[in-house]
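In structure tokens, the structure reads:
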């Protein structure tokens, strides 16, 4: 059919209105987002400052090791509680800002959101630790493995305390209490680093390893309790 | 399409918040009336799967309330909800769209549509903390509609809305109720009178009355108060 004929037909006849238009649209199979895509998309909703705070110990370590010839292990250990704090508070954002109910009723519920955040930040911090271990021990009397253990102890101590606090204190009070806990642990490491160094050097690696295992078990336990808590509102005031 | 609530109860240490409520809801608008502490919000939270019943079952088209498939067809507006402080109106809707499993393309189409529906098209790029109470409520209504839910649960949806917005909201709910189950709870009896096809009344965790209500019939508020007096005898 040539173009002129087509145009003439178009002008001569009125196109009928579509019938059952809405039903047709509703029956078109919609693309669905997979769980993996959803979890990766959550990375975009983690606050940028968490990633900046995560990079800070690496940069600090580089500066201290390369330019200052300084034993950075204790400096980084004092910073680790704040790194843990950034991850813990990010996991509890929904509770702090009152988004729990909305997130719990969505298809990818609060449990998926929290697991996604924990997974993304957990992997990031594990990579950071692997970078920090060789850097922080350069001017230190400890080996890379020992440095890793001592850094992890500082991190996990803040992690366990932060998770326990936020499970038991709602809203911003919990946040402030977590900051307080991080400051206390950091101050402990900063003020007592000389005594700690002597203690660790004399008593050996074994005690630190035992403490690390205990903290790991406590951390996993607290995380399980936190995830279980996301399955149901703990409070119901009406 | 059917929401089946079978002998659902919620008990705390020394209080029964919801006491053996059974309902079968089909398409239409259901208005849930009751005083403060009657158990309306507790019941709604159980229907939305965010509180676990002490006993009983809740299912939509044979999908249990605890499943992802159930939540995929659910839209919920809580009585009070928060937001992340850095969110603008559009950011909030895109975030909720991601949680509801919409692709970016689907969200890109739905978000502007819904902002226009709730008269927030000019305010979508502003931060939510600058919104008035009514604007925030309208944003909440918009997020509840993102996934085109078959089951829409609205807890005090007209709180904070001015009279003009309330009328718009009533018309919207009336339209939505033609092809889905809409359950809304409120203290405002006139909202129920104008919107709901069926009225459900709760007192002390129990359903004390349920039935069709037609506009022009007896004054609902008088009827509601009489139910309480009869229960008290």
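Chains as they are written, first to last, in the working numbering: chain A, 29 to 266; chain B, 822 to 1054. Cβ atoms here follow ideal geometry from the backbone N, Cα and C, with glycine treated the same way. Keep in mind it's a predicted model, so treat the numbers as computed, not measured.
- Sequence-distant Cβ neighbours of residue 957 of chain B in its own chain, meaning closer than 7 angstroms and more than five residues away, are 949.
- Taking each of A:133, A:38, A:82, A:163 in turn and checking the Cα distance to residue 895 of chain B, the smallest one comes out for A:133.
- At a beta-carbon threshold of 8 angstroms, the residues of chain B lying near residue 61 of chain A are 919, 922, 923, 924, ordered along the chain.
- For residue 188 of chain A, the number of other beta carbons within 10 angstroms of its own is at least 16, and it is reported as buried.
- Taking the CA atoms as reference points, residue 170 of chain A sits about 21 angstroms from residue 213 of chain A.
- For the segment 61-90 of chain A, the continuous alpha helix (DSSP H) assignments of 4+ residues that do not extend past its boundaries occur at 63-69, in sequence order.
- Of the residues assessed, residue 68 of chain A falls on the exposed side of the cut-off, its CB having fewer than 16 other CB atoms within 10 angstroms.
- Contact between residue 872 of chain B and residue 863 of chain B holds: CB atoms are separated by about 7 angstroms, below the 8 angstroms threshold.
- Here the segment 839-849 of chain B makes no contact with the segment 246-256 of chain A; the two share fewer than three CB pairs at distances below 8 angstroms.
- Taking a beta-carbon distance threshold of 9 angstroms, residue 118 of chain A does not count as an interface residue toward chain B.
- Residue pairing by DSSP places residue 896 of chain B opposite B:973 in a beta bridge.
- Within chain B, the C-beta atoms nearer than 7 angstroms to that of residue 73 of chain A come from 916, in chain order.
- In the structure shown, residue 137 of chain A falls within a coil segment according to DSSP collapsed to helix, strand and coil.
- In this structure the segment 994-1003 of chain B touches the segment 971-978 of chain B; the number of beta carbon pairs closer than 8 angstroms is three or more.
- Beta-carbon to beta-carbon, residue 831 of chain B and residue 874 of chain B are separated by about 6 angstroms, close enough to satisfy the 8 angstroms threshold.
- Among the residues of chain A, those whose CB is under 7 angstroms from the CB of residue 895 of chain B are 133, following chain order.
- Under the Cβ criterion (8 angstroms, minimum of three pairs), the segment 162-177 of chain A counts as touching the segment 90-105 of chain A.
- Contact between residue 1018 of chain B and residue 998 of chain B holds, since their C-beta atoms are separated by about 7 angstroms, short of 8 angstroms.
- DSSP places residue 235 of chain A in the helix class (H, G or I) of the three-state scheme.
- Excluding sequence positions up to five before and after residue 866 of chain B, its CB lies within less than 7 angstroms of the CB of 872, all in the same chain and listed in chain order.
- Taken atom to atom, the span from the alpha-carbon of residue 157 of chain A to that of residue 177 of chain A is near 10 angstroms.
- Between the C-alpha atoms of residue 121 of chain A and residue 114 of chain A there is a straight-line separation of about 11 angstroms.
- Under the three-state reduction of DSSP, residue 169 of chain A is assigned to coil, being neither helix nor strand.
- In the pairwise beta carbon analysis, the segment 893-908 of chain B is classified as touching the segment 125-141 of chain A: at least three pairs are separated by under 8 angstroms.
- Under the DSSP assignment, residue 855 of chain B falls in the beta strand (DSSP E) whose first and last residues are 849-855.
- Around the beta carbon of residue 102 of chain A, 16 or more other beta carbons sit within 10 angstroms, so the residue counts as buried.
- Counted as a single uninterrupted DSSP element, the alpha helix (DSSP H) harbouring residue 994 of chain B occupies residues 984-997.
- Residue pairing by DSSP leaves residue 117 of chain A without any beta bridge partner.
- A Cβ-Cβ separation of about 4 angstroms places residue 1010 of chain B in contact with residue 1042 of chain B under the 8 angstroms criterion.
- With 16 or more other CB atoms across the displayed protein chains lying within 10 angstroms of its CB, residue 968 of chain B is buried.
- Residue 860 of chain B and residue 842 of chain B have their C-alpha atoms spaced approximately 10 angstroms apart.
- By the neighbour-count definition (other C-beta atoms within 10 Å, threshold 16), residue 85 of chain A is a buried residue.
- The C-beta of residue 907 of chain B comes closer than 9 angstroms to at least one C-beta of chain A.
- In the DSSP assignment, residue 863 of chain B falls outside any beta strand (DSSP E) and lies within the alpha helix (DSSP H) extending over 861-868.
- When secondary structure is reduced to three states using DSSP, residue 878 of chain B falls in the strand class.
- Residue nearest to residue 947 of chain B within the set B:1012, B:856, B:910 is B:910 (criterion: CA-CA distance).
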